Amino acid sequence: MADFFKTEKNKPSGNIWSKLTHGFTASIFEGCECQSNYEDSHGVDIKLIDVNKSFNGNHVLKNINLEIKAGETFSIIGPSGTGKSVLLKHIVKLEKPDSGQILIDGQDIYDTEDKDAPRDYRYSMVFQSSALFNSLSVEENVGLWLREKRVCTETRIRRIIREKLRLVGLSGKEALMTSELSGGMRKRVAIARSLAMNPDLILYDEPTAELDPVTSDELARVIMNLKKEVNLTTIIVSHDLNFALYLSDRIAMISGGEIIEIGTPEEIKASQNPTVRKFIYTTTKGIKGD
Amino acid sequence: MFEAFGRKILHAAQTTGEMLALLVETVYYFKEAPRNLPSIFRQLSEIGIGTLPIASLMAIFIGMVLALQTGVELASFGTQEALGSIVALSMVKELGPVMTSLLVAGRVGSSIAAEIGAMEVYEEIDALKTLDINPVRYLAMPRLLAALVAVPALVVFTMIIGILGGGLISDVNPKINVPFNVYYDHVVRALNYKEIFKGLLKATVFGGIVAQVGCYVGFKTSNGARGIGQSTTRAVVLSFLLIFVANYFLTRFML
Numbered sequence: 105m106a107d108f109f110k111t112e113k114n115k116p117s118g119n120i121w122s123k124l125t126h127g128f129t130a131s132i133f134e135g136c137e138c139q140s141n142y143e144d145s146h147g148v149d150i151k152l153i154d155v156n157k158s159f160n161g162n163h164v165l166k167n168i169n170l171e172i173k174a175g176e177t178f179s180i181i182g183p184s185g186t187g188k189s190v191l192l193k194h195i196v197k198l199e200k201p202d203s204g205q206i207l208i209d210g211q212d213i214y215d216t217e218d219k220d221a222p223r224d225y226r227y228s229m230v231f232q233s234s235a236l237f238n239s240l241s242v243e244e245n246v247g248l249w250l251r252e253k254r255v256c257t258e259t260r261i262r263r264i265i266r267e268k269l270r271l272v273g274l275s276g277k278e279a280l281m282t283s284e285l286s287g288g289m290r291k292r293v294a295i296a297r298s299l300a301m302n303p304d305l306i307l308y309d310e311p312t313a314e315l316d317p318v319t320s321d322e323l324a325r326v327i328m329n330l331k332k333e334v335n336l337t338t339i340i341v342s343h344d345l346n347f348a349l350y351l352s353d354r355i356a357m358i359s360g361g362e363i364i365e366i367g368t369p370e371e372i373k374a375s376q377n378p379t380v381r382k383f384i385y386t387t388t389k390g391i392k393g394d
Numbered sequence: 005m006f007e008a009f010g011r012k013i014l015h016a017a018q019t020t021g022e023m024l025a026l027l028v029e030t031v032y033y034f035k036e037a038p039r040n041l042p043s044i045f046r047q048l049s050e051i052g053i054g055t056l057p058i059a060s061l062m063a064i065f066i067g068m069v070l071a072l073q074t075g076v077e078l079a080s081f082g083t084q085e086a087l088g089s090i091v092a093l094s095m096v097k098e099l100g101p102v103m104t105s106l107l108v109a110g111r112v113g114s115s116i117a118a119e120i121g122a123m124e125v126y127e128e129i130d131a132l133k134t135l136d137i138n139p140v141r142y143l144a145m146p147r148l149l150a151a152l153v154a155v156p157a158l159v160v161f162t163m164i165i166g167i168l169g170g171g172l173i174s175d176v177n178p179k180i181n182v183p184f185n186v187y188y189d190h191v192v193r194a195l196n197y198k199e200i201f202k203g204l205l206k207a208t209v210f211g212g213i214v215a216q217v218g219c220y221v222g223f224k225t226s227n228g229a230r231g232i233g234q235s236t237t238r239a240v241v242l243s244f245l246l247i248f249v250a251n252y253f254l255t256r257f258m259l
């Protein structure tokens, strides 16, 4: 019995208490200044093993094997309609694979009978459409999770919202309604909303879609700054090669539902795979060099 | 032909099962109501206060038409004094709950389906899931709870206004010519707590149907803007249908 407690104590992410305090079951912490380890963001390891998914007979993901390390910024690139976003949705449990496993910190995310069981990591996703709640203001959008989960006191929540909006360059925009925002601002509010969770894993689905080059560049800078300031695992799905090359530690290229190349930005640029070469050539409009 | 018929039966069974599952999950989250009070009050205001002016207008005209049609016929037999009882019982047992619920279905049920449908189409529901906020608890529970409270409250108003409308016509129309005090006397004699309770029970069930159908259809929305439009129509049609069916069975069991 004593050994049991000793083992659990030495394994902070394994026992139920640490899951409760780091995960999402927060309402029991109401009244304290902040949930005990809200501030602690540790990044997570992700492993996909032989993941397959079909929709109406269309095999969208074919034997996907992927390993993403904690704290890494990993991009998945490829032409539209090749299964990039579907892959992302599998990692955040919005889709379930037909076969295969998805492990986060060694734990199979579908290997639990209780779908509401507390998890010992926090994740958030920035959607292609931003997916802001139109009936809420910027401040309410960013603070939604904090208030719903009662992570902190209201004063502290307001402070966190201000801080996250500052991180994405939107200080003073708290009172605006989402309908008053430009596309780039919406994207940044969505990022701030994700950051308000202080996630261990953040996923971006086509962050530069529908943005002009200047706004895309600003967004890249925001994500780059976050990379420096916050310790989290980042996965970016994009068809914007330059954006991925600029931000990523590693890149995977997906084509026809299969991963055809994985490597650092330099390795991807030097790849001799004809599909990768074609993608690089067409997305850079045939411009040679870096 | 049989295959198509079978498919329709299967689809209806699936829809019924899914709606019941959603209902069970929504009722399960009633325990979270205290922490969702702002959202519940917003919905109460939308369903109750928002619908009150048009419901009042509808009720006064229903009461007036009912008194006019019935009163003139009764007058030809010299029994027009019973008009108060007839209008009161009609408004309390049938017209109040059914007409108000149909109005709420058209006004609020469609808006619930469109709002949740738009959230589904524009990935807001997915965003809620990634924020670990249960969409049923966050969206469906406040709406169902508010409808269960607001629709019976609205029905009380429509009953009163409808009866008053009937009284007005019976008093001023020379073909009926029943003084208001006589009309009122018959209203009071005809009504009892049991009848009022039956009317309010119907209203509660119909309110639940409207909110539940709106939420269910909203959550099932797909195919972009066109899908949202289709969901709006579907929510209204399905609500109407279920209200009529439920009305028959409730009336049958409460006879």
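Protein sequence lines, in the order shown, are assigned to chains A and B. Residue numbering for the first sequence follows this note's numbering, starting at 105 and increasing by one per position. Residue numbering for the second sequence follows this note's numbering, starting at 5 and increasing by one per position. Ideal Cβ positions, reconstructed from N, Cα and C, are used throughout, including at glycine. All figures in this text were calculated on a predicted structure; none of them were measured in a lab.
Would you please verify whether the beta carbon of residue i is less than 8 angstroms from any beta carbon of chain A?
i, result
"B:Y33", "no"
"B:E22", "no"
"B:K202", "no"
Could one say the Cβ of residue i lies closer than 8 angstroms to chain B's Cβ atoms, at least one of them?
i, result
"A:Y227", "yes"
"A:D394", "Confidence in A:D394 is poor, its pLDDT being 45 and thus under 50, which makes the residue's placement unreliable; the coordinate value appears in the next sentence. Closer than 8 angstroms: no."
"A:E258", "no"
"A:E436", "The question about residue 436 of chain A has no answer here: the residues shown for chain A are numbered 105 through 394."
"A:S342", "no"
"A:V196", "yes"
"A:L248", "yes"
"A:S233", "yes"
"A:F237", "yes"
What is the rounded straight-line gap between the Cα of residue i and the Cα of residue j?
i, j, result
"B:I213", "B:D136", "27 angstroms"
"A:G393", "A:L269", "Confidence at A:G393 is low in this model, with a pLDDT of 45, below 50, so its placement is unreliable and the value that follows should be read with caution. Distance between the alpha carbons of A:G393 and A:L269 is about 37 angstroms."
"A:K253", "B:I167", "48 angstroms"
"A:V334", "A:M281", "27 angstroms"
"A:P303", "B:G211", "40 angstroms"
"B:I90", "B:R46", "37 angstroms"
"A:G161", "A:D154", "18 angstroms"
"A:G361", "A:L152", "14 angstroms"
"A:G273", "A:V230", "16 angstroms"
"B:V209", "A:W249", "33 angstroms"
"B:G169", "B:P42", "35 angstroms"
"B:F6", "A:R226", "51 angstroms"
"B:G222", "B:G231", "10 angstroms"
"A:S359", "A:I295", "27 angstroms"
"B:L27", "B:R141", "11 angstroms"
"B:M145", "B:L205", "20 angstroms"
"A:Y214", "A:T259", "37 angstroms"
"A:S234", "B:Q234", "24 angstroms"
"B:L24", "B:H15", "14 angstroms"
State the beta-bridge partners of residue i as determined by DSSP.
i, result
"A:S228", "A:I306"
"A:R354", "A:F178"
"A:S359", "A:E362"
"A:V341", "A:I180, A:D309"
"A:H163", "A:S158"
"A:E171", "A:K151"
"A:M281", "A:S241"
"A:Q205", "A:I153"
"A:Q211", "A:I208"
"B:G166", "Per DSSP, none; premise fails for B:G166."
"A:G367", "A:I355"
For residue i, which option in the options has the closest C-alpha, if you only look at C-alpha atoms?
i, options, result
"A:S283", "A:G187, A:F237, A:I363", "A:F237"
"B:A315", "B:M103, B:L148, B:E7", "Summary: the structure shown does not reach residue 315 of chain B, with chain B confined to residues 5 through 259, and so no result is reported for it."
"B:K198", "B:Y252, B:P156, B:M258", "B:M258"
"A:Y350", "A:E244, A:I364, A:N329, A:I358", "A:N329"
"A:E278", "A:I261, A:D316, A:E244, A:T257", "A:E244"
"A:L285", "A:L240, A:R262, A:G247", "A:L240"
"A:V397", "A:R266, A:C256, A:D212, A:M357", "As shown, chain A starts at 105 and ends at 394. That puts residue 397 of chain A outside it, with no answer to give."
"B:Y32", "B:A109, B:N138, B:E50", "B:N138"
"B:T83", "B:A250, B:I180, B:K202, B:C219", "B:I180"
"A:L271", "A:I150, A:T177, A:P378, A:S298", "A:S298"
Point to revise | Three or more C-beta pairs below 8 angstroms linking the segment 89-97 of chain B and the segment 193-212 of chain A | key: no
Practice item. Give the residues from the segment 112-142 of chain B that approach chain C closer than 7 angstroms (Cβ to any Cβ), ordered along the chain. Key: Given the protein chain composition of this structure (A and B), no chain C is represented.
Check your understanding: Do the segment 121-134 of chain B and the segment 215-226 of chain B make contact, defined as three or more Cβ pairs closer than 8 angstroms?
Key -> yes
Review point. Below 8 angstroms, can you find three or more Cβ-Cβ pairs linking the segment 48-68 of chain B to the segment 100-116 of chain B?
Key: yes
Check your understanding: Does the segment 335-344 of chain A come close enough to the segment 307-323 of chain A that 3 or more CB-CB pairs lie under 8 angstroms?
Key -> yes
Review point. Is it a yes or a no for the segment 364-375 of chain A touching the segment 191-199 of chain A, going by three-plus beta-carbon pairs under 8 angstroms?
Key: no
Check your understanding: Using 8 angstroms as the Cβ pair cut-off and three pairs as the minimum, do the segment 235-255 of chain B and the segment 175-191 of chain B touch?
Key -> no
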